[in-house]
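Novice: 97 is the number of the first residue of the sequence shown in our numbering; add one for each residue after it.
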Amino acid sequence: MKTIAYGLLYAILLFLPGCMAEEFQQEIITAKDEGAVRLHFQTVIPEFRTLQTRAAGGVDEMKVLVFDQNGTFITIETAALSNQTETGGTFIVSLPSSSEPRILHFICNHNWDSFNPSGMLGSNEAAVVALMSTNHATFWARRELSGGINANALPASNPVVLLRNQAKISVTNEAANFNLTGFVIHKRPDIGSIAAFNTTTAQFEEHAITEPLGMTLLDAQQSEIGTGEQYLFERSNRAAQQITTVIVSGEYNGTATFYKIDLVDANKVRYNIERNYLYMVKIMSVTKEGYSSFTDALNGASHNNAVLDPIIEKYPMISDGTAKLEVEKTLVIVTEPGKEISLWAHYYPDLNSSSIDDSGVSVTLISNEGALAGGSLSWDPATGTITATSAASLPTEQGEALILVQKGDLARTIRVILRTPFQFDPVTINNLNPAQLVSEQNIPATLKFNIPADFPADLFPLPVNIYTQGLYPAASGLQMVVEQGVIHYIYQATTTGEQTVVFKTNKFSNNETVTLQADYFTGGSVAYYPEFIIISGPIEYHERYLAWFGMYNRWSDVPKDATVDVSGVSDATMNIPSDGDFIFKLPFTTGNPTIIFEYKRSVFTYRKAISLNDLQSNSYFRLDWID
Numbered sequence: 097m098k099t100i101a102y103g104l105l106y107a108i109l110l111f112l113p114g115c116m117a118e119e120f121q122q123e124i125i126t127a128k129d130e131g132a133v134r135l136h137f138q139t140v141i142p143e144f145r146t147l148q149t150r151a152a153g154g155v156d157e158m159k160v161l162v163f164d165q166n167g168t169f170i171t172i173e174t175a176a177l178s179n180q181t182e183t184g185g186t187f188i189v190s191l192p193s194s195s196e197p198r199i200l201h202f203i204c205n206h207n208w209d210s211f212n213p214s215g216m217l218g219s220n221e222a223a224v225v226a227l228m229s230t231n232h233a234t235f236w237a238r239r240e241l242s243g244g245i246n247a248n249a250l251p252a253s254n255p256v257v258l259l260r261n262q263a264k265i266s267v268t269n270e271a272a273n274f275n276l277t278g279f280v281i282h283k284r285p286d287i288g289s290i291a292a293f294n295t296t297t298a299q300f301e302e303h304a305i306t307e308p309l310g311m312t313l314l315d316a317q318q319s320e321i322g323t324g325e326q327y328l329f330e331r332s333n334r335a336a337q338q339i340t341t342v343i344v345s346g347e348y349n350g351t352a353t354f355y356k357i358d359l360v361d362a363n364k365v366r367y368n369i370e371r372n373y374l375y376m377v378k379i380m381s382v383t384k385e386g387y388s389s390f391t392d393a394l395n396g397a398s399h400n401n402a403v404l405d406p407i408i409e410k411y412p413m414i415s416d417g418t419a420k421l422e423v424e425k426t427l428v429i430v431t432e433p434g435k436e437i438s439l440w441a442h443y444y445p446d447l448n449s450s451s452i453d454d455s456g457v458s459v460t461l462i463s464n465e466g467a468l469a470g471g472s473l474s475w476d477p478a479t480g481t482i483t484a485t486s487a488a489s490l491p492t493e494q495g496e497a498l499i500l501v502q503k504g505d506l507a508r509t510i511r512v513i514l515r516t517p518f519q520f521d522p523v524t525i526n527n528l529n530p531a532q533l534v535s536e537q538n539i540p541a542t543l544k545f546n547i548p549a550d551f552p553a554d555l556f557p558l559p560v561n562i563y564t565q566g567l568y569p570a571a572s573g574l575q576m577v578v579e580q581g582v583i584h585y586i587y588q589a590t591t592t593g594e595q596t597v598v599f600k601t602n603k604f605s606n607n608e609t610v611t612l613q614a615d616y617f618t619g620g621s622v623a624y625y626p627e628f629i630i631i632s633g634p635i636e637y638h639e640r641y642l643a644w645f646g647m648y649n650r651w652s653d654v655p656k657d658a659t660v661d662v663s664g665v666s667d668a669t670m671n672i673p674s675d676g677d678f679i680f681k682l683p684f685t686t687g688n689p690t691i692i693f694e695y696k697r698s699v700f701t702y703r704k705a706i707s708l709n710d711l712q713s714n715s716y717f718r719l720d721w722i723d
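So this is what it looks like as structure tokens:
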């Protein structure tokens, strides 16, 4: 899948608009002739103190790449650190001024030895930045400047938030009969991408999982086992054939042993490994020894729920090696105006303790472009709760706000987006809406709907509620929920694109509208109906008969194979397969016609006029004696 995705990316790059190198060289010269502008800009750099050297895990250099409004490369310049702040720093860079829109990429800690600026002239930003990879921690951000490059292009009120290209895994133990001695990551990517790029939409997107070309997976080494948090590059782990796991070493009731843990959530859905996130593995209980050797653990099956019960949680977090700052989410999508938003943030003075101290944590709104109601942001350090209210109306184009959570040297940013709800369209059954199904039981009904390509990857897995009373799942995997006597199913969407769920009809002649509901989406629906309306039940006629003292009536079964004529509708049939039973078959209609049934026996006529709706609601009916 990765090869296909990047092959598609290369194809996209080949057809991106461009010009000859001479033309772009002229553009650079022209832009610089207009005069270079000296920009001072603020940055938020996650997890590392700015003035540390790269060898110590910090940031020691930054490059700024400039592209035009079409994403075509113009130049690259070096930004110098001028002042350290608690959360990042102030940088200075000279860029060619321009009144035309520009795109900037900020990259820290990358090895530029093989980068040839003149060779990149005419190249699109995807070809220049999306294909970059590295084997160490780097930081990246992208900024669109609609007003071009001028002295006010990068205001201090809207700092450049750099995204780190690594994730982090920690393991803690709460099982009394187990002593944790360390862990190591198995099948860790050897390299990572610089920027987050969605190969489906060909757009730079913060929460897109981006695997670089040539990436291989490294086997864990026993010598690498340690107790501290460990870093790794991001990867699409959820559907991978070779998955990333955690090998845990310890002592179970005094015996040295090893366990393999799969990185799955509470719904047993495997996590993708996403940059800038912490994956916390908490060992809650151990019931049995694991593998006796490290090699057996590498090659064996995972122990989740079998002999070891871990809770694995994914958090946006930041740490300086001593303390840590966690926020519940770094991305909040709101699709309703005036909606209250609530999420938590906590500061842990001791990285290895669960003790929280939120005093001194500050929460600041650093930018708000139509996403939040003015003055609605608040922070309660007593509970660690951040609240805000979305703007009073949905913007034509999505609104965005940036919230900074800070404690000393540590800071996290929360991005709030207000937008119109996503759409499931198209929603179909057997590729139709409405769909016509054979009027029998157990007929396949394949439900398909769409998760848009711009739906944030960070919000997966997405529970989608499917409401249907006439269909049942054809295979396991859906959760069934009964609320107030009504059944619905929960499907876990794990990626964008077309979703397929196979159902079957649970009875013949079903007719309903299947509805879909999920957070961030407007409801979707698809109707289906049968080829025929088939109604069956008992049938009697008010038999006229002669007795000793005259003519009488009694209710009797209409006999098998009797002829009952039907009028008022076309192409309908009425069969009497056995005494007193009928099967009525009518081409499907949404109307409510009045149907006349007539049965003649001897010299007498028996008749019943009834609406289709009444017949469907009560299929027991009698033919009255007419004459």
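Backbone N, C-alpha and C fix where the C-beta goes; we use that ideal spot for every residue, glycine too.
With DSSP as the reference, please indicate the residues paired to residue 54 in a beta bridge.
Specialist: This structure cannot speak to residue 54, because the chain is shown only from 97 to 723.
Novice: Applying the 10 Å Cβ sphere with the 16-neighbour rule, what's the burial state of residue 134?
Specialist: Counting the other Cβ atoms within 10 Å of the Cβ of residue 134 gives fewer than 16, which makes it exposed.
Novice: Do residue 290 and residue 234 have their C-beta atoms closer together than 9 Å?
Specialist: Contact: yes.
Novice: Among 496, 501, 466 and 317, which residue has its Cα nearest to the Cα of residue 476?
Specialist: Out of 496, 501, 466 and 317, 501 has the C-alpha closest to the C-alpha of residue 476.
Novice: Where does residue 465 fall in DSSP's three states?
Specialist: strand
Novice: Can you tell me whether DSSP reads residue 647 as helix, strand or coil?
Specialist: strand
Novice: Between residue 635 and the rest of its own chain, which residues show a CB-CB distance below 6 Å, the 5 nearest in sequence each way excluded?
Specialist: 654 and 678
Novice: What first and last residue would you give for the beta strand (DSSP E) that runs through residue 391?
Specialist: First-last for residue 391: 390–395, but that is the alpha helix (DSSP H), not the beta strand (DSSP E).
Novice: Expressed to the nearest angstrom, what Euclidean distance is found between the alpha-carbon atoms of residue 591 and residue 615?
Specialist: 15 Å
Novice: Is it right to say residue 384 is buried, meaning 16 or more other beta carbons lie within 10 angstroms of its own, or is it exposed?
Specialist: exposed
Novice: Which same chain residues, not among the five before or five after residue 349, have their C-beta less than 6 Å away from its C-beta?
Specialist: 273
Novice: Less than 9 Å between the C-beta atoms of residue 589 and residue 560, yes or no?
Specialist: It is a contact, given that the beta carbons lie within the stated cut-off.
Novice: Which runs of the beta strand (DSSP E) at least 3 residues long sit entirely within the segment 177–202? Give them in chain order.
Specialist: 184–192
Novice: Spatial neighbours of residue 125 within its chain, please: CB distance less than 7 Å, with the 5 preceding and 5 following residues excluded, ordered by chain position.
Specialist: Any answer about residue 125 is weak, because its pLDDT of 34 lies below 50 and its placement is not dependable; what the coordinates show is given next. Contacts found: none.
Novice: Excluding sequence positions up to five away, which residues of its chain have a Cβ less than 8 Å from the Cβ of residue 140?
Specialist: 183, 184, 255, 256, 257, 258, 500, 507 and 509
Novice: Here's a check: name, in chain order, each residue in its chain whose Cβ is nearer than 6 Å to the Cβ of residue 669, leaving out the five neighbours to either side.
Specialist: 681
Novice: Run through the DSSP bridge pairs and tell me what residue 366 is partnered with.
Specialist: 360
Novice: Does DSSP put residue 320 in a helix, in a strand, or in coil?
Specialist: Looking at residue 320 - three-state DSSP - the assignment turns out to be helix.
Novice: Could you give the distance in angstroms between the alpha-carbon of residue 711 and the alpha-carbon of residue 667?
Specialist: One C-alpha to the other measures close to 17 Å.
Novice: Give me the Cβ distance between residue 374 and residue 343, rounded to the nearest whole Å; I'm assuming they're in contact under 8 Å.
Specialist: Rounded, the Cβ-Cβ distance is 19 Å, inconsistent with contact.
Novice: Between the C-alpha atoms of residue 719 and residue 608, what's the straight-line distance to the nearest angstrom?
Specialist: 30 Å
Novice: Could you give the distance in angstroms between the alpha-carbon of residue 190 and the alpha-carbon of residue 175?
Specialist: 8 Å
Novice: What separation, rounded to the nearest whole angstrom, lies between the Cα atoms of residue 211 and residue 420?
Specialist: Those two C-alpha atoms are separated by around 36 Å.
Novice: Have a look at residue 546 and residue 675 and give me their C-alpha separation to the nearest angstrom.
Specialist: 51 Å
Novice: What would DSSP say about residue 380, mapped onto helix, strand or coil?
Specialist: It is a strand residue.
Novice: Identify, in the order they occur along the chain, each residue of the same chain with its Cβ nearer than 7 Å to the Cβ of residue 252, setting aside the five sequence neighbours on each side.
Specialist: 138
Novice: Using the C-alpha atoms, what's the distance from residue 161 back to residue 171?
Specialist: 6 Å
Novice: Hey, quick one: how far does the alpha helix (DSSP H) through residue 258 stretch, first residue to last?
Specialist: Neither: residue 258 is in no alpha helix (DSSP H) and is coded neither H nor E.
Novice: Output the distance between the C-alpha atoms of residue 286 and residue 330, rounded to the nearest integer angstrom.
Specialist: Put simply, the backbone Cα of residue 286 is about 10 Å away from that of residue 330.
Novice: Measuring CB to CB, does residue 339 end up less than 9 Å from residue 553?
Specialist: The beta carbons of residue 339 and residue 553 sit no closer together than 9 Å.
Novice: Does the beta carbon of residue 248 come closer than 9 Å to any beta carbon on chain B?
Specialist: Looking at the structure shown, chain B is missing, and only one protein chain is on hand.
Novice: Within its chain, find whatever has a CB closer than 8 Å to the CB of residue 362; leave out the 5 residues flanking it on each side and keep chain order.
Specialist: 407
Novice: Grab me the residues of residue 366's own chain with a C-beta within less than 7 Å of its C-beta, minus the 5 sequence neighbours each way, in chain order.
Specialist: 333, 334, 339, 358, 359 and 360
Novice: Between the alpha carbons of residue 656 and residue 696, how many angstroms are there, rounded?
Specialist: 14 Å
Novice: How about residue 626 and residue 535: do their beta carbons lie closer than 9 Å?
Specialist: In contact: residue 626 and residue 535 (Cβ atoms closer than 9 Å).
Novice: Going by Cα to Cα distance, which pick from 202, 593 and 243 is closest to residue 193?
Specialist: Nearest C-alpha to residue 193: 243.
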